[in-house]
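For the sequence shown, position 308 (counting from the first letter as 1) is numbered 323 according to my numbering, and the numbering increases by one without interruption.
Heads up, the beta-carbon is just placed ideally off N, CA and C, and yes, glycines get one too.
Worksheet for the structure shown next.
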Amino acid sequence: MKADKMIPTVVIVGAGFGGLRVARALRRAPVQVVLVDRNNYHLFQPLLYQVATAGLEPEEIAKPARAVLRGQKNFDFRMIEVTRVDFAAKRLDTTAGPIAYDFLVLAPGGETNFFGLASLQRHGLGLKDIPDAITIRNHVLTCFEQAMLEPDAEKRRALLTFIVVGGGPTGVEMAGALSELIRLVLVKDYPRLNIKDVRILLLEATDKLLPALPERLREAAGKTLWRKYVEVRFGATVADFDGRQAHLKSGEIIPAQTVIWAAGVRAAPLTATLGLAPARQGRIPVEPTLQLAGHPEVFIIGDAAYREQDGEPLPMVAPVAIQMGESVARNIARQLRGQPLEPFRYHDQGTLATIGRNAAVAHVFGLQLSGFPAWVMWLVVHIIQLIGFRNKLFVLLNWAWDYFFYERAARLITRD
Ligand SMILES: Cc1cc2nc3c(=O)[nH]c(=O)nc-3n(C[C@H](O)[C@H](O)[C@H](O)COP(=O)(O)OP(=O)(O)OC[C@H]3O[C@@H](n4cnc5c(N)ncnc54)[C@H](O)[C@@H]3O)c2cc1C
């Protein structure tokens, strides 16, 4: 299935942050680019929690991969799932038959890590793709509808208790947004609701929120969450959840129908099929040039790749995937010209997390900001990074509407 015998084929697995960047950066290279993904879209995962909390519609944070790279002459897209890689034969097995490659870039991203807790995998709600976000939105809104019909006070309180597990950026943003959805919007939809029945808990197993941030910002984030009525608990590990009660490792039982699991990610399942020894979180160790050892024509990038820098593993975040994608495109071009490859070095631009309207924390370019200035910075950065003018415009309009009218447009309960 090679496009042209003379022109090398670069197959990229994954139209996420890393894969898309490679495809774009190779637009003028003398190669045929074949991008494959099991979905037909590129997803801006950092705003998934806003879909889950009825702030945005899915199509506002995603864009069809074909539309993103429309006009790129050496580009082809295929919506297929890759099931195996035969490195010796330079061939991918996919749901639509085999695909041969000259160069392969694996960028399949990650998946929710439930750390082997089967009950949480079954009853907890992960947040990794659009269907997860819609499931959370449906579930939260359904809990409110059921609470309105529930005569038993204890059962009603359990329906209105929302546990978010994990004090990283996703957990903090999710808890803050959930609180605002409930306290600013749903109170108006459910005027008979006793707001005192609502509880939002953010449970963190360690003793810190947002560990990548300096202490001052971590404290500011914690205080803001408390001000938004989120109960932040440290040293709180969820061990079991049956859909009715969350059991903590300490023995405490919290009656709740909702556990949103934001406690971890690991490499995508494809990495486990490669026959390669994984490092932490199932990520595959790569050479400094991001090549796979022994296979100079194979590169692994983004969440699926394991690489340490200054003694620390590179984080599973979008800028790492993007910068790796740029580096790989340059290295493929260098390899074609017979030049030595460049080692990859990550340039950390900082960390941002928002905790709702007018509230965020930012550690960028050595600056530590919190409150309104950090929130404005968060808004600007996310609008710039969203792909497509239409998405930028619609997200901006939605945010402005919600900001001024205390609304959430997308609070529909849709059937799966
Ligand atoms: C809820 C959430 C919030 C986040 N917030 C932030 C944030 O604020 N800032 C930040 O920097 N990072 C954030 N991240 C992390 C960031 O999204 C990831 O680090 C980044 O997406 C990794 O890029 P990637 O290219 O490695 O993979 P991804 O962007 O995940 O893309 C992987 C692609 O591969 C496809 N794929 C997987 N397996 C296969 C297969 N077998 N066959 C075909 N296709 C396949 C998937 O469909 C997907 O499109 C967040 C992640 C989540 C889930």
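Of the residues ALA40, VAL202, ALA192, GLU72, which one's Cα is nearest the Cα of ASP144? In the sequence shown, counting from the first residue as 1, residue 144 sits at position 129. Ranking ALA40, VAL202, ALA192, GLU72 by CA distance to the CA of ASP144 puts GLU72 first.
Are the stretch 163-176 and the stretch 264-273 touching, with three or more C-beta to C-beta distances below 8 Å? By the C-beta criterion, the stretch 163-176 is judged to be in contact with the stretch 264-273, since at least 3 inter-stretch pairs fall below 8 Å.
Measure the beta-carbon distance from LEU225 to VAL28 and round it to whole angstroms, keeping in mind my assumption that it falls under 8 Å. As a working mapping, residue 225 is identified with position 210 in the sequence shown. As a working mapping, residue 28 is identified with position 13 in the sequence shown. Between LEU225 and VAL28, the beta carbon gap of about 31 Å keeps them out of contact (Cβ cut-off 8 Å).
So, are the CB atoms of VAL343 and VAL37 less than 8 Å apart? Taking the first residue of the sequence shown as 1, we reach residue 343 at position 328. Taking the first residue of the sequence shown as 1, we reach residue 37 at position 22. Closer than 8 Å, so yes.
Whose C-beta lies closer than 7 Å to the C-beta of ARG372 among residues of the same chain, with five residues either side of it excluded? As a working mapping, residue 372 is identified with position 357 in the sequence shown. These residues qualify, in order along the chain: GLU195, TYR418.
For GLN47, is the classification buried or exposed, using 16 other Cβ atoms within 10 angstroms of its Cβ as the cut-off for buried? In the sequence shown, residue 47 corresponds to position 32, counting from 1. Residue environment analysis places GLN47 among the buried positions, since at least 16 neighbouring C-beta atoms fall within 10 angstroms of its C-beta.
With a CB to CB cut of under 8 Å and the five nearest residues on each side skipped, what residues in its chain are close to LYS78? Along the sequence shown, read from residue 1 onward, the residue named residue 78 stands at position 63. Excluding residues within five positions, the ones whose Cβ falls inside 8 Å are TYR56, HIS57, ILE402, GLY403, ASN406.
Where does GLN60 fall in DSSP's three states? Translated into positions along the sequence shown, residue 60 becomes position 45. Residue state, collapsed to three classes: helix.
Alpha carbon of LEU212 to alpha carbon of GLU169, nearest angstrom: Along the sequence shown, read from residue 1 onward, the residue named residue 212 stands at position 197. Along the sequence shown, read from residue 1 onward, the residue named residue 169 stands at position 154. The identity of residue 212 in the sequence shown is Asp, whereas the question assumes Leu. Cα to Cα, ASP212 sits roughly 9 Å from GLU169.
Mind checking PHE159: buried by the 16 CB within 10 Å criterion, or exposed? As a working note, residue 159 is residue 144 in the sequence shown. Label assigned to PHE159: buried.
Looking at ligand 1, does it come within less than 7 Å of TYR436, judged from the CB to the closest heavy atom? As shown, the chain starts at 16 and ends at 431. That puts residue 436 outside it, with no answer to give.
Check whether ALA278 and LEU263 have beta carbons under 8 Å apart: Start at 1 with the first residue of the sequence shown, and residue 278 comes out as number 263. Start at 1 with the first residue of the sequence shown, and residue 263 comes out as number 248. Going by C-beta atoms, ALA278 is not nearer than 8 Å to LEU263.
For ALA424 and ALA389, what's the separation of their Cα atoms in angstroms? Here residue 424 refers to the residue found at position 409 of the sequence shown. Here residue 389 refers to the residue found at position 374 of the sequence shown. Roughly 25 Å between the two C-alpha positions.
Could you tell me which residues DSSP pairs with ASP91 in its beta bridges? Translated into positions along the sequence shown, residue 91 becomes position 76. Answer by DSSP bridge pairing, in chain order: VAL49.
What residue does the alpha helix (DSSP H) around GLU195 start on, and which one ends it? The residue you call residue 195 lines up with position 180 of the sequence shown. Per DSSP, GLU195 belongs to the alpha helix (DSSP H) from 184-195.
In or out: MET163 buried (at least 16 other Cβ within 10 Å) or exposed? As a working mapping, residue 163 is identified with position 148 in the sequence shown. With fewer than 16 other Cβ atoms within 10 Å, it is exposed.
Indicate, with yes or no, if ligand 1 has a heavy atom lying under 7 Å from the CB of GLU74. Position 59 of the sequence shown holds residue 74. The answer is no for GLU74.
Which residues DSSP lists as bridging THR109, in chain order: By 1-based counting over the sequence shown, the position of residue 109 is 94. BP columns for THR109 point to VAL97.
Which residue marks the beginning of the beta strand (DSSP E) containing ILE76, and which one marks its end? Numbered from its first residue, the sequence shown carries residue 76 at position 61. In this chain, ILE76 is not harboured by any beta strand (DSSP E), its DSSP state being neither H nor E.
Tell me whether PHE32 counts as near ligand 1, meaning its Cβ is closer than 7 Å to at least one heavy atom of that ligand. Translated into the one-based positions of the sequence shown, residue 32 becomes position 17. Yes, ligand 1 has a heavy atom inside 7 Å of this Cβ.
Alpha-carbon to alpha-carbon, THR369 and PHE256: In the sequence shown, residue 256 corresponds to position 241, counting from 1. In the sequence shown, residue 369 corresponds to position 354, counting from 1. Rounded to whole angstroms, PHE256 to THR369 spans 28 Å at the Cα level.
Quick check: ILE316 and GLY290, are their CB atoms within less than 8 Å of each other? Indexing the sequence shown from 1 puts residue 316 at position 301. Indexing the sequence shown from 1 puts residue 290 at position 275. No, the pair does not count as a contact, with Cβ atoms beyond the cut-off.
How close, in whole Å, do the beta carbons of THR304 and LEU356 come, if the pair is a contact with beta carbons under 8 Å? Against the sequence shown, residue 304 aligns to sequence position 289. Against the sequence shown, residue 356 aligns to sequence position 341. The C-beta separation of THR304 from LEU356 comes to about 4 Å, placing the pair in contact by the 8 Å criterion.
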